[in-house]
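Numbered according to the working numbering, the first sequence spans residues 331 to 440. Report on one structure; see the data block that follows.
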Amino acid sequence: MDSENYNFYDRIFDVVRLIPHGRVTSYGAIASFLGAKRSSRMVGWAMNLSHSVEPFVPAHRVVNRNGLLTGKAHFKDINEMQQLLEAEGIVVIDDQIQNFMDVFWDPASL
DNA sequence: TGAATGACTCGAT
DNA sequence: GATCGAGCCATTC
């Protein structure tokens, strides 16, 4: 548990918080932005910890590169993730984000 | 200590 | 074009 690892998760949370309202991004995009595109799974692991992290981390804005709500099952309510996305103007049908390319936000785009 | 798992991604068939 | 398998990194049992 080196402090470097802590920074890695902290950066993930920071990037997720930087996601604009009504936008979403992918695990790979975050991992790639942090220089560890191969560690996309670690991003998902970090999201699992995000429930205990403050300030609140909009993990619902993080989906796989396919625009599929793969992480909804980890939310308190599986419908909560979709509901939060729809509340931001994102259309979600059958756990699939519609117009994913349109709402996709790349952290490197800053 | 070794092996298995996971909110993923890419490449090959 | 769709489906299957292997790879990667960190955490957990």
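Beta carbons are placed, not taken as given, at the ideal position from N, Cα and C, and that holds for glycine.
1) So is H381 buried or exposed if we call it buried at 16+ other beta carbons inside 10 Å?
2) Which residues mark the beginning and the end of the alpha helix (DSSP H) in which I408 is found?
3) Give me the residue from S439, I423, S362, I427 with the minimum Cα distance to R391.
4) Note the first and the last residue of the continuous alpha helix (DSSP H) segment covering W375.
5) Got a sec? Which residues, its chain only, sit under 6 Å from A389 by beta carbon, not counting five neighbours each side?
6) Under the rule that 16 or more other beta-carbon atoms within 10 Å means buried, what is M431, buried or exposed?
7) Which two residues bound the contiguous alpha helix (DSSP H) that contains G365?
8) Ignore the nearest five residues each way along the sequence and tell me which others in I364's own chain have a CB closer than 6 Å to its CB.
9) In whole angstroms, what separates the C-alpha of I423 from that of V393?
10) Work out the CA separation of L440 and S333 for me, nearest whole Å.
The answer reads as follows:
1) Taking the first residue of the first sequence as position 1, residue 381 is located at position 51. Exposure of H381 is indicated by the presence of fewer than 16 other C-beta atoms within 10 angstroms of its C-beta.
2) Counted from its first residue, the first sequence places residue 408 at position 78. Counted as a single uninterrupted DSSP element, the alpha helix (DSSP H) harbouring I408 occupies residues 408-417.
3) Indexing the first sequence from 1 puts residue 391 at position 61. Per the Cα distances, I427.
4) By one-based count along the first sequence, residue 375 stands at place 45. W375: member of the alpha helix (DSSP H) spanning 370-379, first to last residue.
5) Counting from 1 along the first sequence, the entry for residue 389 is found at position 59. Exclusion of the five residues before and after A389 leaves M377, S380 as the residues of its chain whose Cβ lies within less than 6 Å of its Cβ.
6) Position 101 of the first sequence, counted from the start, is the residue given in the question as residue 431. Per the 10 Å Cβ criterion, exposed.
7) Translated into positions along the first sequence, residue 365 becomes position 35. G365 -> no alpha helix (DSSP H), and no H or E assigned at all.
8) Sequence index remark: in the first sequence, residue 364 carries index 34 (1-based). One point to set straight first is that residue 364 is Leu, not Ile, in the sequence displayed. Result list for L364: R341, in chain order.
9) On the first sequence, residue 423 is found 93 positions in, with the first residue counted as 1. On the first sequence, residue 393 is found 63 positions in, with the first residue counted as 1. Between the C-alpha atoms of I423 and V393 there is a straight-line separation of about 14 Å.
10) Reading the first sequence from its first residue, position 3 is the one you call residue 333. Reading the first sequence from its first residue, position 110 is the one you call residue 440. For S333, the predicted model reports a pLDDT of 42, less than 50, meaning its position is unreliable and no value from the coordinates is stated.
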